[in-house]
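Take the sequence shown: its letters are residues 316 to 1471, numbered as in this note's numbering. Don't be surprised by glycine CBs; every beta carbon is placed ideally from N, CA and C. Please read all numbers here as calculations on a predicted model, not as lab measurements.
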Amino acid sequence: MMKIFKKAILMSTMSFAAYANCPPSKEGVTFVPGFGKSCIVLKNPNVNGAHPLEGDTLLVSSDDKVARIGKISYKVLGTPKGVVFAVISEDDGSQYEINYWDAATEKIKECTPKAEDKISVGAIREGKVSITVGADMIRVTRGLQSKDYVENCENKGKNLVYLNLSKEDRNILEEFRTGGASNEWTNPEVAATFPSILGRDDEVNKVISNLRLSAVRSSLIIGKAGIGKTAIVQALAKKIVAGDVPDFLKDWSIYSIEISKLGDEGLKGKAEGKAARLLDASVGKKVILLFDEMHKLVGKGATNENASDITETMKTPLADGRLAIIGTTTDDKDEIGLLRLKPAFFQRFNQVFLKELPDDLLMKVFRQEANEMEKKYEIVFSDETLRQILSLTRRYASDQAQPRVSLKVINQVASDLALERSNDKKHGKVNVSEEDAKNSVGQVANIPSLITKAANSKCGGLPFRDKVKNFTPEMRKGYVGQEEAVTTVQQTLATIAMGMNDPKRPGGVFLFLGPSGVGKTYFGERLGEMFCMPVKIFGMSKYKDESSINAFAGSDKGYVGYNPAGGELTQWIKENPESVLIFDEIDKANPMVLESLIQLLDDGVYTDKAGNEVKFRNGFIIMTSNFGMDLIEAYDKKVLGLKNPREGAFSKPLPHAIPHNLEQLKNEILNMLEGDGKFGSYMAGRVGRDNTIVFHHLNPAETRQIAELEVAKVVKQLGKSNIKVTVQPEIATIIGQEAYDFKIGARRARELADKYVRQASTSALLKEMTAGKNFTDVIVSANLVTPPNEKTLVVIPEDIRSGKLALRQEEQRGVCNGSEFIDLVREFPTAVKDRFIGQDNAVNVVYKALTRMAALGNKPGKAAGRFLFLGPSGVGKTYLAELTAKMFCLPIKVYPMEMYQGEDAINTFVGSAPGYIGYRETGGSLTQWVKANPNSVLVFDEIDKSNPIVLEALMQFLDNGTITDKAGQSATMSGGLIFLTSNFAMELIDAYDKQVLKIADPREVVKREIRDLPQTEEGLQNTIFEFLSRDRRLGSYMQGRIGRNNIVVYHHFNPAEIKRVIQIEIKKALAELDSSIQSSVDPALVDHIAKVGFDFATGARQARDTVQKYITDVAAEALMILNAKQRSQLKKIVFTVKDGPSNAETLYINSLKAAD
């Protein structure tokens, strides 16, 4: 033993040159000869301190193998079999460990005594401990005691030698790239494309610190999607390329691995084979693997027979430090929850949590990106615009993390403006406006209400605001009746379009109460269709028992139906945050389900029982119910004149009187709802009285309109084939008659349309094809008609042919707006005065015609009224016709006659003969309208501007109500009203009205030779009749066809009438504001608006614009300044002509100052 010890002493003092020739030391690096050809590299040693060898210690061998041994080395000694290091313990910084590098096995052996014999740092530095090394032993001496170590050195099992990547390794790693771009992020060309990262130095250093460890070196970066997880790895790659990392990392590579390239879930052999290749190329190599969305590794390679997956093969090399991975995942319970299902894998990672950057750093990130956009596109962002983008994204995209969502907006703005400039062929820099920012936020966050540019609209090319403006007419193209629902939803949409909605609530929450089959659910489907939003219908009656409730609302872990992704509702909202949710028959839901929906209705947030939270603030919620049906049915029976109105829907006599009008009905139902201790208790206060809407039973006329829509749908579907199908109007009438059912609404309309159009056509065509005949066109008719050519097949549905069904000839005038026709006629003069200003003569002649319709009925071949309205623009000539049609539920068609001038336009209107331009066998547009709507309102606007050919075609129509067009098609009015408007004799009417209104020089506008202006209304009319009788154009056609009593002269509005128009428009404008805020207008402001809104030449046409300027626009601007809390406190708005004492609850708006 003594000989051995002496040999050890000799070896410890002998020259290291016997071991290896090392490069000369340089600044920051000291090379110490090791055993054989190895050199011990000391990084950044403390050469000026008492212990010059303190520093990172690496063993560098001739074949470029590297072993990193600890953080600080006190002593390095070489032996024939390896190298001995005294290093600070990584587990306990106050203790030293003796580690032995075994050159034969390339393993580190730990030679430290037991815990009670551990060597302290102080003991070594104070010289109380010495270490000597012999050929086959290590001796540690402490005072008088010494202990030899060789055989009892334990193999730590850690291979800390990392090889350089071979070409083959790199080729294998490249197999896991996405697309054609390189996935080696430490490639200088790739790293150069990464943006500089701000404010994440601590997180990057944490990842580097983890990589320094000898075991569990990998990192899992956790944070919201878009917060910058991947950017951390990009920053590390840039630092490695720049050499700005500790020396042990300087020659390492980072490869991004596309998880989908590892193979499909369930294909175990394929997945395992690819994983094995990946690990062969990376374990023990100088490479870091990046797995973005690392939770997707879970399940890769698993099968039904074996749950083991790829993560199992990674655990061991991760644990001993031979495999270095940086993974990313979100803090979403669905995603990180998958990793937690694999605890042995999950625990091999040091977690690095990312929080959102503070605003000052976010602004620097945005400015960096904005500068890039300015260089690339010459689009300039001010600091204020960037702050606005941050504010808008936090309001409208609060579920998306910063900075990604705002960076998306910055890129979107720049791209849009660059494209606009290119299309407009403009040059130079463009400054980003507030409107540009809002428009791009709308695109990125999918908030249609913010998109103001048609080019960016994803829904029919129309911005959200334009779609809201056209909501009612567009809705009416596919939806019948239920006026309150249409009006209320449009008001909600208008609030959203103006940016006045609460961003912390759903876009709209509605409760539809009423009978089945009247369009409650279909309204939601139509809303989704119009605004290109997906629709989900949950039939709430099926969520009764525990399993179905858990399927809907999720369940706790360990319970029946548990799914970490949550229930059906959670998953739908997560995938479709901008959609229409319909909870059908909500009153039949289990109370547990209703309870779970409270937060969704209140705050637009839903948290299921599995702990998943989703936000629903840009969609609409519609709940339907039959609540209060006995009262609704009794009221509707009374309105429709059906028997036993007091018998409710469930043969339950009402305990109280039937309401007299709609307002009483709704108030009664709302009171019932608020007093209901079950369903009502969940709805009260969450939906709002205005958004609780009563749906009514359909009347026969509405059912017929629905039948027309269903027939049109079938025809459109059949049009996709090579057969053209035309359906005569009487078919829709028969379907409407047969489909009408008070209890179930129009639900049979679709079935009957399919039966009498699709099935009848296909059956007849099949029969003819069997007989060897081929047809290209089909006419479905209730009567035998002569086909226009040999390729057209006339089909009469069997039930109609057999006489089982027939068109009922009695007039189905029915009910309109809850009143009988004759009652509406009686109320007409009074009702009109509330909505129509002046022109008493016009109202009187229309009233007389309506009286004839009520008393005598409609007679085929004759219109009930024909009128010629003469006068200036903007005084209500067309509007009276529109108002009459609306009040009596009559379809209306307005023809602007000046557009029918050229041959094509004329043929479109009155048809053309076979072989001529525009020929259609169904005739012109007027013929088709009259066929489909024999009892309707027709308006021929500016009739004096018509082509003489058109006027000639209308002569018979005005005489006897029948139009026979040039295609040979005929149609006859059966009642209805015909309005003709014209500016004929305007010079005379202008002069007379100026004289009456005392406007200077009335004769200056008169071009005709008139000795004296008429002094009375009668004189004016006589003069105009004289002009008309001498007129060879318009007059010759009108003479004798429109009686004198039905030729009405309209006059310019006087200031008092303009003021009434202004008051009506103000009332409409106030109704469009938030219903929870009481609004009033100072009379002085009304006078001012009436003064500036008065225009002799254009009448009331600028009244609406003037009201918008002083009421709507100033309100929108004032409310936009308020934050959500201030808006919620506001109870009243006063529009005035001077500043007022505003406070938290009352806002005074000086409209004159604000508008100017």
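Contacting residues, own chain, Cβ-Cβ under 7 Å from residue i (five flanking each side not counted)
{"i": "I721", "result": "The sequence shown places Ser at residue 721, rather than the Ile named in the question. F681, I704, L705 and T708, listed in sequence order."}
{"i": "E518", "result": "I547, V667 and L669"}
{"i": "E1432", "result": "A1469"}
{"i": "L1165", "result": "V1140 and F1143"}
Selected residue, minimal CA-CA separation from residue i, among the options
{"i": "M848", "options": "V522, N891 and L1434", "result": "N891"}
{"i": "L977", "options": "L734, Y997 and V954", "result": "V954"}
{"i": "S1443", "options": "G1408, I1404 and I1392", "result": "I1392"}
{"i": "G793", "options": "D731, F827 and E840", "result": "E840"}
{"i": "F696", "options": "S730, V747 and Q717", "result": "V747"}
{"i": "L526", "options": "P818, Y692, L551 and S511", "result": "L551"}
{"i": "G1191", "options": "L1266, V1364 and V505", "result": "V1364"}
{"i": "M629", "options": "I1278, R592 and L985", "result": "R592"}
{"i": "P1112", "options": "L734, I1046, E490 and W500", "result": "I1046"}
{"i": "E489", "options": "N1037, I569, E1083 and D1138", "result": "I569"}
{"i": "G757", "options": "Q797, Y711 and G1186", "result": "Y711"}
{"i": "D830", "options": "D860, V850, H1012 and A1157", "result": "Checking the displayed sequence, the identity of residue 830 turns out to be Pro instead of Asp. Taking only the C-alpha atoms, the option nearest P830 is H1012."}
{"i": "L826", "options": "G943, E861 and D860", "result": "G943"}
{"i": "L1343", "options": "I555, E1332 and A1300", "result": "A1300"}
{"i": "G1186", "options": "L1198, G1180 and Q1154", "result": "Q1154"}
{"i": "E749", "options": "Q683, R736 and V728", "result": "V728"}
{"i": "L633", "options": "A530, L564 and S623", "result": "A530"}
{"i": "K589", "options": "D624, S1227, L1080 and P561", "result": "D624"}
Residue i vs residue j beta-carbon contact at 8 Å
{"i": "V1160", "j": "V1095", "result": "no"}
{"i": "I536", "j": "I641", "result": "yes"}
{"i": "R663", "j": "S571", "result": "no"}
{"i": "Q715", "j": "G543", "result": "no"}
{"i": "G869", "j": "A812", "result": "no"}
{"i": "V828", "j": "F935", "result": "It should be noted that the sequence gives Leu, not Val, for residue 828. The answer is no: Cβ separation not under 8 Å."}
{"i": "V1250", "j": "G1290", "result": "Residue identity differs from the one stated: residue 1250 is Asn in this sequence, not Val. Yes, these two residues count as a Cβ contact at 8 Å."}
{"i": "I1464", "j": "V1449", "result": "yes"}
{"i": "G743", "j": "E687", "result": "no"}
{"i": "F491", "j": "K576", "result": "yes"}
Three-state secondary structure assigned by DSSP to residue i
{"i": "Q666", "result": "strand"}
{"i": "T1145", "result": "helix"}
{"i": "T1091", "result": "coil"}
{"i": "R1359", "result": "helix"}
{"i": "S533", "result": "strand"}
{"i": "E1113", "result": "helix"}
{"i": "P849", "result": "coil"}
{"i": "S721", "result": "helix"}
{"i": "S1289", "result": "strand"}
{"i": "T501", "result": "coil"}
{"i": "T1451", "result": "strand"}
{"i": "N1222", "result": "helix"}
{"i": "Y477", "result": "strand"}
{"i": "P1370", "result": "helix"}
{"i": "K889", "result": "helix"}
Close Cβ partners of residue i (< 8 Å) along its chain, the five nearest in sequence each way excluded
{"i": "N678", "result": "The residue asked about is misnamed: residue 678 is Met in this sequence, not Asn. Cβ within range, chain order: D698, L701, R702 and L705."}
{"i": "I1381", "result": "V1396, V1401, I1404, V1422 and I1426"}
Contact set for residue i: own chain, Cβ-Cβ below 6 Å, skip 5 residues either direction
{"i": "Q1216", "result": "N1262"}
{"i": "N761", "result": "E893"}
{"i": "V1252", "result": "A1196, A1200, L1205, I1207 and L1292"}
{"i": "R719", "result": "G541"}
{"i": "E466", "result": "Note that E466 has pLDDT 49, beneath the 50 cutoff, so the model's placement of it is unreliable and the number below is only indicative. Result list for E466: empty, nothing under 6 Å."}
{"i": "V920", "result": "Q914 and K930"}
C-beta neighbour in chain C for residue i, strict 8 Å
{"i": "K953", "result": "Absent from the structure: chain C. Only one protein chain is present."}
>> If contact is defined by three or more beta carbon pairs under 8 Å, each pair taking one atom from either stretch, is the region 1256-1266 in contact with the region 1286-1305?
In response: yes
> Any contact of the region 1351-1360 with the region 1403-1413, i.e. 3+ C-beta pairs under 8 Å?
Replying inline: no
>> Taking 8 Å as the cut-off, does the region 1049-1057 touch the region 1012-1023 (at least 3 CB pairs, one atom from each stretch)?
In response: yes
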